[in-house]
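> Here it is, the structure, as structure tokens.
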Amino acid sequence: MNITLKRLLGTTAAVTTGAAALLGAGAGTAGAGGANGRAHCERAERVMWSSGPATDVIGHRCDLPDEKRRWYTIEIDTLVHTHHQMDYADGKVVRTETLHDRSVRCLGYTSRNGTVHWFGCPPS
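Numbered per the working numbering, the sequence shown spans residues 469 to 592.
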């Protein structure tokens with residue numbers, strides 16, 4: 469076998485093995501964070517725009533996790549989606565949609581006066 473071909477195959481194997489190890493480590497970390505980064509809210513609201521849901525969720529009566537995490541999974545008893553006529557917050561509300569027992573993932577939160585502002589929540 470040509471020495472260049474051997475080196476190429478060896479390099480490919482090393483890169484593949486390294487990538488698999490990194491992906492496995494990342495998946496383990498993400499799973500560990502999800503288990504401990506759980507929160508619960510009795511009620512929450514999310515604005516729905518024409519392009520889809522907002523990335524913010526406003527929660528009420530929430531139990532927050534003790535540890536700071538990168539991602540939080542929020543179990544919500546009642547989630548209200550507010551659909552606006554136009555794409556601005558002061559626009560007329562066309563309809564609301566109430567969903568029960570929903571789960572949302574968010575990047576972080578701020579809390580004040582019993583209200584939790586969850587931010588960085590991708591569509592789920």
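Glycine residues also receive a C-beta, built at the ideal position from the N, C-alpha and C atoms.
1) What residue range is occupied by the uninterrupted beta strand (DSSP E) comprising residue 571?
2) Between the alpha carbons of residue 561 and residue 516, how many angstroms are there, rounded?
3) Figure out for me which residue from 566, 550, 552 and 520 has the closest Cα to the Cα of residue 510.
4) Would you identify the three-state DSSP class for residue 523, choosing helix, strand or coil?
5) Helix, strand or coil: how does DSSP classify residue 543 here?
6) Using the C-alpha atoms, what's the distance from residue 586 back to residue 576?
7) Using alpha carbons as the reference points, say which of 543, 513 and 531 lies closest to residue 550.
8) Does the distance from the CB of residue 508 to the CB of residue 531 come in under 7 Å?
9) Helix, strand or coil for residue 537, going by three-state DSSP, please let me know.
10) Taking Cβ positions, are residue 520 and residue 590 nearer each other than 7 Å?
11) For residue 556, count neighbouring C-beta atoms within 10 Å of its own C-beta (all shown protein chains included) and say buried if the count is 16 or more, exposed if not.
12) What does DSSP give as the partner residues of residue 513 in its beta bridges?
13) Residue 556 by DSSP, collapsed to three states: which one?
Reading it off the structure:
1) 561-574
2) 10 Å
3) 566
4) coil
5) strand
6) 6 Å
7) 513
8) yes
9) coil
10) no
11) exposed
12) 526 and 548
13) coil
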